[in-house]
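Here the UniProt record's numbering is used: the first residue of the sequence shown is 1, the next is one more, and so on. A virtual CB, placed ideally from N, CA and C, is assigned to each residue, including glycine. Bear in mind the structure is a predicted one, so any value in this text is a computation, not a measurement. One structure is given here, and the rest of the page talks about it.
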Amino acid sequence: MVETFWQVPVVEDGDFRLFESRAIVRYIAAKYAEQGPDLLGKSLEEKAVVDQWLEVEAHNFNELVYTLVMQLGMAHLVTERKSVSAWWEDISNRAAWKKVMELAA
């Protein structure tokens, strides 16, 4: 199922629709909290630590996954199209682009 903003994953629970993987995980953990361990924390402090690590994951792991998805899942959109491939070759060989890539490394 694709969400209104064309994002996946998406969860539909009756009339309720939710996208964004971290929001989905929080929703499922809260909905089924009584069927297992309290994954979201019981106290204010435990909940804060859960939020802290979800943010760490979002800001550190997400960039690596994005790079893999772009290279493995989307590269063909550039390489299989002659004009787009030529454009990318031109852009990525410019000195300014190389300078930006050095800063990002």
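Span of the alpha helix (DSSP H) around A26: Taking the first residue of the sequence shown as 1, we reach residue 26 at position 26. According to the sequence provided, residue 26 is Arg. The question's Ala does not apply to it. Its alpha helix (DSSP H) spans residues S21 to K31.
Residues bridged to R17 [DSSP beta-bridge criterion]: Against the sequence shown, residue 17 aligns to sequence position 17. Per DSSP, E12.
DSSP three-state assignment for G73, whether helix, strand or coil: Translated into the one-based positions of the sequence shown, residue 73 becomes position 73. G73: helix per DSSP, three-state reduction.
Backbone secondary structure at N93 - three-state DSSP: Within the sequence shown, residue 93 is the residue found at index 93, counting from 1. N93 falls in the coil class under three-state DSSP.
Anticipated Cβ contact below 8 Å, V50 with L40, distance rounded: Reading the sequence shown from its first residue, position 50 is the one you call residue 50. Reading the sequence shown from its first residue, position 40 is the one you call residue 40. About 6 Å; that satisfies the 8 Å criterion.
For N60 and A75, the rounded distance between their alpha carbons: The residue given as residue 75 occupies position 75 in the sequence shown. The residue given as residue 60 occupies position 60 in the sequence shown. Between A75 and N60, the C-alpha separation is close to 22 Å.
Backbone secondary structure at E80 - three-state DSSP: In the sequence shown, residue 80 corresponds to position 80, counting from 1. When DSSP states are grouped into helix, strand and coil, E80 belongs to the coil group.
Whether Y27 touches V11 by CB criterion (8 Å): What you label residue 27 is simply residue 27 of the sequence shown in a count that begins at 1. What you label residue 11 is simply residue 11 of the sequence shown in a count that begins at 1. Closer than 8 Å, so yes.
Whether F16 touches P9 by CB criterion (8 Å): Indexing the sequence shown from 1 puts residue 16 at position 16. Indexing the sequence shown from 1 puts residue 9 at position 9. Taking 8 Å as the Cβ cut-off, F16 and P9 do not qualify as a contacting pair.
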